[in-house]
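Only one structure is covered here, and it is reproduced in the block below.
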Amino acid sequence: AQSVAQPEDQVNVAEGNPLTVKCTYSVSGNPYLFWYVQYPNRGLQFLLKYITGDNLVKGSYGFEAEFNKSQTSFHLKKPSALVSDSALYFCAVGLSNSGYALNFGKGTSLLVTP
Amino acid sequence: DGGITQSPKYLFRKEGQNVTLSCEQNLNHDAMYWYRQDPGQGLRLIYYSQIVNDFQKGDIAEGYSVSREKKESFPLTVTSAQKNPTAFYLCASSLDRGSYNEQFFGPGTRLTVL
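Chains as they are written, first to last, in the numbering used here: chain A, -6 to 107; chain B, 2 to 115.
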């Protein structure tokens, strides 16, 4: 089964520091990986995706993610965190056998403190 | 939330009632999806549709039904057979079937059973 895991329920970072939100995947074949962000009581917003190509993927709002095949990871990163980055972050894997729906991780709550 | 609307924003249901959640998109997307979000569990796929007049069950379809009579509309009915329907429901769409395009999400409907 295609799945992702987010090992941290919450990540706390001081404003201005780099942030990392972790995601590992388990797939058969080539992985198609996504990151989304959710603000309270809102829908999800797309940040970035990895389909193929460069292992470092750049996305919206200054976020990037590094695909690491040997470690089966797709961690989300940002060089300098903002208080406004505080939100719920979801990693997801694409499911070719379900109409290209997404299988989501449980989410990681990011709190950036001033 | 780009071009996808969901209504109502909040919905209260008495036990034994069927309720219908609306999802409309003006993005001319072929594929549409319904997810259910519960705290600490991420998002789970209820139904998906890749084309008008066709839809498929996702992981947790029991107690739900959908229709796709128009390209822009994908309503979800929560029936009385769904034993624990209190949750946040998210509708999404993507450009076309058969590829890993990013999904665009609506703002969600929060359903509460009284």
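Heads up, the beta-carbon is just placed ideally off N, CA and C, and yes, glycines get one too.
field: C-alpha distance - Ser8 of chain B paired with Ala88 of chain B, whole-angstrom precision
entry: So the alpha carbons of these two residues sit roughly 15 angstroms apart.
field: Span of the beta strand (DSSP E), counted from its first residue to its last, around Ala94 of chain A
entry: Ala94 to Phe97
message: DSSP has Cys120 of chain B in a bridge; who is on the other side?
response: Beyond the ends of chain B as shown, which are 2 and 115, falls residue 120 of chain B; an answer cannot be given.
- prompt: Can you find at least 3 beta carbon pairs, one from the segment 91 to 103 of chain B and one from the segment 26 to 38 of chain B, that sit closer than 8 angstroms?
  reply: yes
task: Using a Cβ-Cβ cut-off of 8 angstroms, state whether Gln104 of chain B counts as contacting chain A.
output: yes
message: Check for me: the beta strand (DSSP E) holding Gly87 of chain A runs from which residue to which?
response: In the DSSP assignment, Gly87 of chain A falls within the unbroken beta strand (DSSP E) covering Ala80 to Leu88.
- prompt: Name the chain A residues that come within less than 7 angstroms of Gly43 of chain B, Cβ to Cβ?
  reply: Phe83, Phe97, Gly98, Lys99 and Gly100
message: Tell me whether the segment 86 to 100 of chain A and the segment 37 to 52 of chain B touch, counting them as touching only if at least three CB pairs, one residue from each stretch, are closer than 8 angstroms.
response: yes
query: Would you say the beta carbon of Ser102 of chain A comes nearer than 7 angstroms to a heavy atom of the ligand NAP?
result: Here there are no bound small molecules, and the ligand NAP is not part of this structure.
Same chain, Cβ closer than 7 angstroms to Asn102 of chain B, five either side skipped, listed in chain order: Excluding positions up to five away in sequence, the list reads Ser95 and Leu96.
query: Tyr54 of chain A by DSSP, collapsed to three states: which one?
result: helix
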